[in-house]
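Chemist: Have a look at the structure that comes next, please.
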Amino acid sequence: MTIQKTLSRHLQTALKNLLGDALPPTCKIGVDAAQDLRYGDYQSNVAMALARSLQKNPRAFAEEIVRNLGEIDEAEMEIAGPGFINFRIRPAYFARKLFSMSGDPRLGVATTEHPQTIVIDFSAPNVAKPMHVGHIRSTIIGDTLARVARFMGNKVITDNHIGDWGTQFGMILWGWKHKLQPELLEKDPIATLLQVYKDVNALCKEKAETLEECKAELVKLQSGDTENLAIWKRCIQLTRTGLEKIYDRLDIHFDYWLGESFYNDALAPLVQDLMERGIARESDGAVCVFSDGFHKPQQDPFLVSKDGQWQAVPAIIRKADGGFLYATTDLATLDYRIRQFHADAIWYVVGAPQDKHFKQIFDIERMRGVTGDFRHIAFGSILGKDRRPFKTRDGETVSLQDVISEAIERAGRVVREKNPSLPEEEQEKIAQAVGIGAIKFAELSQNRLSDYIFDWDKMLALTGDTAPYLQNSFVRICSIFRKTNTHFDAITLDSPPILRHDAEMQLARLLVRFAEVVPAILEDCRPNILASYLYELARSFHSFYEACPVLRSEGEERESRLALCALTARVLRRGMDLLGITLPERM
Ligand code: ARG
C-alpha cells in the first residue's frame, strides 16, 4: 500500500472512532505530498473540510483526531496553521519501503483494483494530408497513456482512426490519373500524395472545370467504381507503409488501424435508428440531433449564446445530399468499440478545437443510454519561437518526419562532441534515443492543455528538465556500477538501507513516491506528473551524489548507498519507459 493510502486509512479509523455514523460515507480523506518539507512529508486538510459541517473548530478537531490516533508506526504528526495535519515520515519506515521496493519488479506500483478495457484513440492522421507537428502531441501523449494504463493492469486497445475517407480523395483521384509520377510515390508516398493534393487543389482554384471533374471522381468512388476504389485502396496502403516507418522510429505501435472508411456501411442504419428512436430528426433536408434539454444551457453542447439568446447548434449526422459526416462516423466507431472490444472506457487524444464535437458525441450516447468512461483528452498547440503556429521558414506546416530527422541529427552532434571515442554505430543509436527522447520529453513535460514553444536548443540541453539531462543522470549511475564491475540490476538489498543524511532521506522520499505518481497520471490523463517527478528524482540523485560519497564509503553504508543508486536507476528506467523514452547506458 502507498504511504498516502496508509495514512488516509489511519485518518479514516480515527474519524470513525470519533464520529461513528456521522462520518459521511463519501467523505474524501485526502493526503497530499507536502510542498514544503519543513512541515513534513505529507499533509491532510480533512479536519478543516469536515469541521465546517460539524460546526467544530478546525484546529481543535485536528487535535482531537491526532490524539485519537496516538502513536503510529509510520510518522510523527503535528498540527499546523488553521488545522492541517502534517505527517513526518520516520526514516525507518522509508527504509522498510525501499527494502520491499528493491525486491519488487514493479517498484512498489500496485496494479489497479478494477482493471478495465480501455480503447485509446490517438494519432489518427489523414490520408493524403500531412501528418504535422499537431499530430505529434496526440501521438506522444496517446502512446504514454497507453503504456501507463497497461502497466496499471488494464486491458488497453490502441486504435489508429485514420482519416481515410474524405473529400480530398476527389482531388487525389484526379491527380493520380493526370499527374502522378509513380517512381516518387514508391520512394516517399506521404509527401508525394500530399504534393498531388496541393497541386490539384491549386489547379481547381484556377479552373472550375477541373474542380467539377474532381467532384465527379469523388462521386464515382463513393458509388463503388472499381477503378477508383482500387486507386483509393492503394493510396491508403502506401500511406500506411509511410506512417509505419515513422511510428517505428518513435517506437509507437497500434493494435488496430480501423480508419473512418471501416464504418461506411454502418452509417445509414445508425442514422435510421436515431431517427426511429426520436433522437434525431430532419431539419432543412438534413438529419440532426438537437438538445434534449438535459443540461443547463451553459453546459449544453447543442446550444450557443448569441446576442444574449441561446441558439441551437445541432449535430448534423446526414447532409441534405445524403452524405454522412465526421460525427456520424464517430458515433458508429463508438458503437463498434463497445460491441466488439467491450470497452469500458474510450479515450480520444485530439486537439482542443474538437471539444464541441466530442461533447456532442458523448451527449448523443447519453441520449441513447450508452454509458462508459468517455474522455476527450484535449491539448493545445505547438508554437514557434515567435509564439505563432510552428511553421517552416517558407510558411509550410512542419512534417513530423522532418522533425524526427532533424532531432536525431542535432542529437548526433551533441553525442559526438560529448564522447568522440564511442564506436560510430553506438553513437548512431544514442543519437536516436536522445533525439527522439528530447522531442517526447519536451511534449510530455508540458501541461497538455497549454500551448508550448518548440525550441531545439532547450529540448536538447544537457541541463534543465530535458530528456538528455535524465539520460545523462542514468548514464552516471551506470558508470558507478561499471567501476564496481556490476550492474545495477544485480543489486538487491539484504536489509533496509541506512538513511542518515538529509540527502539520503530526500532521495528515499522521492523513490518511494513513485508508487503514488504512476496511478495519479491516469486520474486526469496528465503525463507531465511523471515527467516532472522524474526530473525531480534525477536532481535529488545529483544532490545525494554530491553530498554522500558512494564508492569511497565503507561497509554497510557503501552497500546501502549503492542500493539507493540502483533503485534510482531502476525507477528512472521504468519511468522513462512509461514515457516511451529509451535510456542508453553510455553516452
Ligand atoms: N483525423 C482526425 C484529425 O486529424 C482525428 C481523428 C480523431 N479521432 C476520432 N475518433 N475522431 O483531426
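So in this note's numbering, spot 266 of the sequence shown is number 266, and the numbers just go up one at a time.
Think of the CB as a built atom: it goes at the ideal place given N, C-alpha and C, for glycine as much as any other residue.
For Arg513, does the three-state DSSP call read helix, strand or coil?
Modeler: helix
Chemist: At 3 residues or longer, what runs of the beta strand (DSSP E) sit wholly inside the region 129 to 182?
Modeler: Whole beta strand (DSSP E) segments, 3+ residues: 155 to 159.
Chemist: Can you give me the start and stop residues for the beta strand (DSSP E) that Asn264 sits inside?
Modeler: Element bounds for Asn264: not the beta strand (DSSP E) but the alpha helix (DSSP H), 264 to 276.
Chemist: Which residues share a DSSP beta bridge with Gln588?
Modeler: Any property of residue 588 remains undetermined from this structure, which presents the chain solely from 1 to 587.
Chemist: Would the beta-carbon of Tyr452 be found less than 8 Å away from any heavy atom of the ligand ARG?
Modeler: no
Chemist: By how many angstroms is the C-alpha of Thr13 removed from the C-alpha of Pro24?
Modeler: Answer to the nearest angstrom: the Cα atoms are 13 Å apart.
Chemist: Please determine, among Asp225, Ile140, His376, the residue with the shortest C-alpha to C-alpha distance to Ala531.
Modeler: Closest by alpha carbon: Ile140.
Chemist: Is any heavy atom in the ligand ARG found nearer than 8 Å to the beta carbon of Thr333?
Modeler: yes
Chemist: How many angstroms separate the CA atom of Val475 from the CA atom of Pro584?
Modeler: 7 Å
Chemist: Where does Glu595 land, buried or exposed, given buried means 16+ other C-beta within 10 angstroms?
Modeler: Because the chain here runs from 1 to 587, residue 595 falls outside it and cannot be looked at.
Chemist: Can you say whether Gly142 is buried or exposed, counting buried as having 16 or more other CB atoms within 10 angstroms of its CB?
Modeler: buried
Chemist: According to DSSP, is Phe122 helix, strand or coil?
Modeler: Of the three classes helix, strand and coil, the one that applies to Phe122 here is coil, per DSSP.
Chemist: Going by other Cβ atoms of all chains shown within 10 Å of its Cβ, with 16 needed for buried, is His114 buried or exposed?
Modeler: exposed
Chemist: Could you pull out every unbroken alpha helix (DSSP H) segment of at least 4 residues lying fully inside the region 334 to 395, listed in chain order?
Modeler: 355 to 368
Chemist: Measuring only the C-alpha atoms, how far is Glu186 from Ile136?
Modeler: Each residue's alpha carbon lies about 24 Å from the other.
Chemist: Using a threshold of 9 Å, state whether the C-beta atoms of Ile252 and Ser445 are closer than that.
Modeler: no
Chemist: Can we say the region 101 to 108 touches the region 51 to 67, given the rule of at least three CB pairs closer than 8 Å?
Modeler: Touching, no.
Chemist: Does DSSP put Ala51 in a helix, in a strand, or in coil?
Modeler: Secondary structure at Ala51: helix, using DSSP grouped into helix, strand and coil.
Chemist: Hey, Ser291 and Leu303 are a contact pair by Cβ (cut 8 Å); roughly how many whole angstroms apart?
Modeler: 6 Å
Chemist: Would you list the one or two residues that DSSP bridges to Met77?
Modeler: In the DSSP assignment, the residues bridged to Met77 are Phe87.
Chemist: With the cut-off set at 9 Å, would you say Ile504 and Arg539 are in Cβ contact?
Modeler: Reading off the sequence shown, one finds Glu at residue 504, where the question assumed Ile. No. Outside cutoff.
Chemist: By how many angstroms is the C-alpha of Gly40 removed from the C-alpha of Lys56?
Modeler: 25 Å
Chemist: For Leu54 and Phe84, I'd like the C-alpha separation in whole angstroms.
Modeler: Spanning the two alpha carbons is a distance of roughly 17 Å.
Chemist: Spatial neighbours of Ile157 within its chain, please: CB distance less than 6 Å, with the 5 preceding and 5 following residues excluded, ordered by chain position.
Modeler: Val119, Asp255, Phe341
Chemist: With a threshold of 16 other CB atoms inside 10 Å of the CB of Asn228, please say whether the residue is buried or exposed.
Modeler: Under the 10 Å beta carbon count, Asn228 is surrounded by 16 or more other beta carbons and is classified as buried.
Chemist: Roughly how many angstroms separate the alpha carbons of Ile521 and Asn528, rounded to a whole number?
Modeler: 8 Å
Chemist: Could you check how far apart the C-beta atoms of Tyr42 and Ile72 are, in whole angstroms? I think they sit under 8 Å.
Modeler: Cβ atoms of Tyr42 and Ile72 stay farther apart than 8 Å, at about 12 Å.
Chemist: With a Cβ-Cβ cutoff of 9 Å, do Phe94 and Leu400 count as a contact?
Modeler: no
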